[in-house]
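Before any comments, here is the structure.
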Amino acid sequence: MSSQAITRQASTTQAVNRQATTNAAAPEPELLRLLDELSTEEKVSLVVGASMWATTAVPRLGLEPVVMSDGPVGVRGPGGGTSAMFPAPSALAATWDLDLARRSGVLFAAEAKRHGVDVVLAPQVNLQRTPVGGRHFECYSEDPHLTAEIAVALVGAAQERGVGMCVKHYVANDSETERTRYLARLDERTLREAYLAPFERLVRDVGPWSVMGAYNGADTGGVSARLLEHRPLVVDLLKEEWGYDGLFVSDWVATQSVAPAVRGGLDLQMPGPDGAWGDGLLDAVRSGEVAESELDDKVLRLLRLARRTGRLTLSDDGAGDRVGVAAAGVHAAIDLAAASTAEPPAEQLLRELAARSVVVLKDDAGLVPFGHDPARPLRVALLGPAAVEPFFQGGGSSFVHPDRLTYPADELRAALPQGSEVTLLAGARALHNPPELDVDRCTDPATGEPGLHVELLATDGSTLEEYTAHEWSGWLHDVRPDADAVRLRALVRLDEAGEHELGVGTVGVHRVTIDGNQVAEGDTRVDEGIVLSSGHNHPIAQLVPASGAAVLDATLQVVHAVGYGHFVRAALVHRLPGPSAADELAGAVAAAAAADVAVVIVGTTAEVESEGYDRPDLNLPGNQDELVRRVVAANPRTVVVINAGAPVLLPWLPDVPTVLWGWLPGQEAGTALADVLTGVTEPSGRLPWTLPARFEDVPVPHARPVDGVVDYAEGTDIGYRAWERRLAAAAEGGGADDAPAPAAPFGHGLGWTTWDYEDAVLARGEAHGSPATLTVYVTVRNTGRRAGREVVQVYIEAPDGGPSRPVRWLGGFAVADVPAMASATVRVPVPARALQVWDPQTKDWVTPPGVYRLRTGRSVADLRLTNELTT
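Here our numbering is used: position 741 in the sequence shown is 1115, and no number is missing along the way.
In structure tokens:
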């Protein structure tokens, strides 16, 4: 890129960076004083977790533990109990509503305080590079700008109330396959313009109090290293160039070295007290391999976090108040008393959020909301596995036990006119594992008591301990560390006539017999890696038929997981005799035919959509597709609701009149869906990612490492940008009709009214030596009979020539609530960075000159107005 081909803002950018670095490098005098009072041993202890969720305390200095907790769908809290369960993060992004994001941040802060948590390990701002990613549902979007906007609003609101957020996972952590080992290979422009963009916005705009380093490594800019040892990305870029003054913490059990991680920029190893730093850092300091001075900045950052969260009391401030105070010159101090204003109940916000996030993919028959006489009862067939048992939240570390759960059938019955009928049937099977075995059916064969016989075995097979368990949750936690295996035995009563199914889902070395016949075995010993891969969460059981009574005998490995304790996983499962899958399907079809309207809820399950593993495909599990086809054939007045966090294939989409994307909705699954179907709340969501029609069309169909490397060969053409590239290439070649098109494009959503786009005016703000700010004023008209919410989207197209860039990309968006048959002018800000590219030669952001087109519309595929801008 030549100097003649670009417009530079180098002097301004470098000046901003210098100022940020100066601020971050100027620690508060009182923290320096505390640093001088710490011994070498205390410094080491402060940069290693004291436990799974807390840092080390130094009481004599007024330093208490800083308590952390997952996560993205609610604050679990280290003490257990129940929590407010949010919709999946993708659902929040689907609202495109920054006010809802801010209110969600307020609720996160309230939940953290309720559970005694100082730092919430969220949000996850990695991009949805591939739809099969196991943690796709935990991310906001496939677009960096939408991701950044939502995250900035949420993090800022939470931290204004004295609760720290830990932004994760830094960086290019976009696959669950071999996630602790792979190397992400990507060029500087791709890294800067896409994957680092949300992190940079957060650091510059709200200053997150902590950032979590990823498990994986990165090969970029000529340096290849694990993220926790990647000095150019962590020290040079995050801390110095961006001026980040917060704490850089490891993902759990991710630290694999001592000196390389120290010099790579890691500030805190979690958990502790064991692990690489817990076992070796003090020795490395004493031997001179690591200088004590190398710990000083890390300790200062930990003290700064403690002070911000109110966990550090400074004795010389005259008041002794535990008030979080931000670093001087970087972030404003926080008044916790002023921030603790009353907020609406959690369920009220979560209900609104879940309903607003629903995306109307299509509504050809005008079925949403139900168009019926309010005085006339309605017969509804509510069908599908997720209608009976919704998939409330994805699997993995973000799991919370909810304060409450609401179910679609209960809430629809309450919302519909008196006399209405709601028939609830599953009609299909989505889960492989049947329900948990009722321990009341079991008798201890050794004692004759009700329950399971539990025997802890040593490595030589001798018995260490045995007892009768009267309850079984599927887990045995806190097993004594000298136990090698656990043997479970029970006589299971199967009194009901017909064929039962029994099985045990487990991990590690195991042997399972039923009635003396071996039904499952494994000889692979597992450790903490099984936790990191989430393989222990939903182990699939080998099912066998049984009747009358059965003798269950299972010898299972005790998993000794560094950082996660000692446990046994044993999902004891049992399917009662009953109708066959074919009979269940036929019953659902008959109910649909007899109803005024059929509502079919289908989706993914925790067996397929979870942290720790990627999906092999995008199919709905089980026979759910057949259920949809059969129901819509029986009743053309059918609404299908997708209960999934990440894209799934909908092969029947052209044949179903009304389809809603309902996400993983959290605790208010039932209330929110009832509000949408009965017209209480408009489903105003827009897709934050692209919905493919065929798996073979997905631009990045997997992220499996090849020889340990995940190659980001698509560059900045992530998500919808890749679809647009292919469509443009096909159109240029005269074959646009042959190019693969998605089932629904990025930004798509119909709501329940219609819109005209009447005008767009582009305004350019004052530059003052920096790139000028842009604002598009868009006038939209609600042409329907109901008040509605529109999400106005502005996309940018680059000038001809210059560096390679996406065909178009999101530059800005705004939400507008407009009465029926009325118009409104919406202000859509477009940041100057939206026009810029990273120049690897000059190591700076530049704006290529030429004529840019700013195109405004309802989605990336529905662009209605165009403005031009010459730079």
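Beta carbons: idealized from backbone N, C-alpha and C, even for Gly.
Residue pairing by DSSP places residue 482 in no beta bridge whatsoever.
By the 16-neighbour rule on beta-carbons within 10 angstroms, residue 749 is exposed. Between residue 1089 and residue 517, the C-beta spacing is not below 8 Å.
In this structure, residue 1228 places its C-beta atom within 8 Å of the C-beta atom of residue 1136. Taking the C-beta atoms as reference points, residue 1019 is found no nearer than 8 Å to residue 944. Below 8 Å, enough C-beta pairs join the region 1151-1166 and the region 1194-1203 to call them touching: three or more. One alpha carbon belongs to residue 606, the other to residue 521, and they sit about 24 Å apart. Taking 4 residues as the shortest admissible run, the region 1036-1082 contains the following complete alpha helix (DSSP H) segments, listed from N- to C-terminal end: 1043-1052. Of the candidates 498, 564 and 765, 765 places its Cα closest to the Cα of residue 982.
As summarised for the region 874-941, the continuous beta strand (DSSP E) elements at least 3 residues long and confined to that stretch are 874-880, 884-888, 891-896, 918-920, 922-931 and 933-935, given in chain order.
With contacts defined by Cβ atoms closer than 8 Å, residue 557 and residue 592 form a contacting pair.
Listed in chain order, the non-local C-beta contacts of residue 582 below 8 Å within the same chain comprise 529, 533, 538, 539, 540, 541, 576 and 620, local neighbours out to five positions each way being set aside. By the criterion of at least three beta-carbon pairs nearer than 8 Å, the region 646-666 is in contact with the region 616-633. Of all C-beta pairs linking the region 879-887 to the region 925-932, three or more are shorter than 8 Å, placing the two stretches in contact. With contacts defined by Cβ atoms closer than 8 Å, residue 493 and residue 652 do not form a contacting pair.
Here DSSP, grouped into helix, strand and coil, assigns residue 824 to strand. With a 10 Å radius around the Cβ and a threshold of 16 neighbouring Cβ atoms, residue 555 comes out exposed. For the options 594, 569 and 473, the alpha carbon positioned closest to that of residue 503 is the one of 569. Under DSSP, residue 973 shares a beta bridge with 756 and 1013. Per DSSP, the unbroken alpha helix (DSSP H) holding residue 1097 starts and ends at 1094-1106. Boundaries of the alpha helix (DSSP H) harbouring residue 637: 633-638, taken from the DSSP string. Residue 622: member of the beta strand (DSSP E) spanning 621-624, first to last residue. The beta carbons of residue 813 and residue 845 sit about 6 Å from each other, so the pair counts as a contact at 8 Å. Per DSSP, reduced to three states, the secondary structure at residue 460 is coil, with no helix or strand assignment.
Around the Cβ of residue 603, a 10 Å sphere holds 16 or more other Cβ atoms; the residue is buried. For residue 567 and residue 1211, the gap between their C-alpha atoms comes out near 7 Å. In the three-state reduction of the DSSP assignment, residue 845 falls in the coil class, being assigned neither a helical nor a strand state.
Residue 544 and residue 784 have their C-alpha atoms some 42 Å from each other. The beta-bridge partner set that DSSP reports for residue 979 is empty. Residue 587 is positioned such that its CB atom lies closer than 8 Å to that of residue 625. Look at residue 1167 here: in three-state DSSP terms it is strand.
When secondary structure is reduced to three states using DSSP, residue 1240 falls in the strand class. The Cβ atoms of residue 751 and residue 1052 lie no closer than 8 Å to each other.
With contacts defined by Cβ atoms closer than 8 Å, residue 1113 and residue 1104 form a contacting pair. 8 Å or more divides the Cβ of residue 938 from the Cβ of residue 900.
DSSP places residue 670 within a helical segment (H, G or I) once states are collapsed to three.
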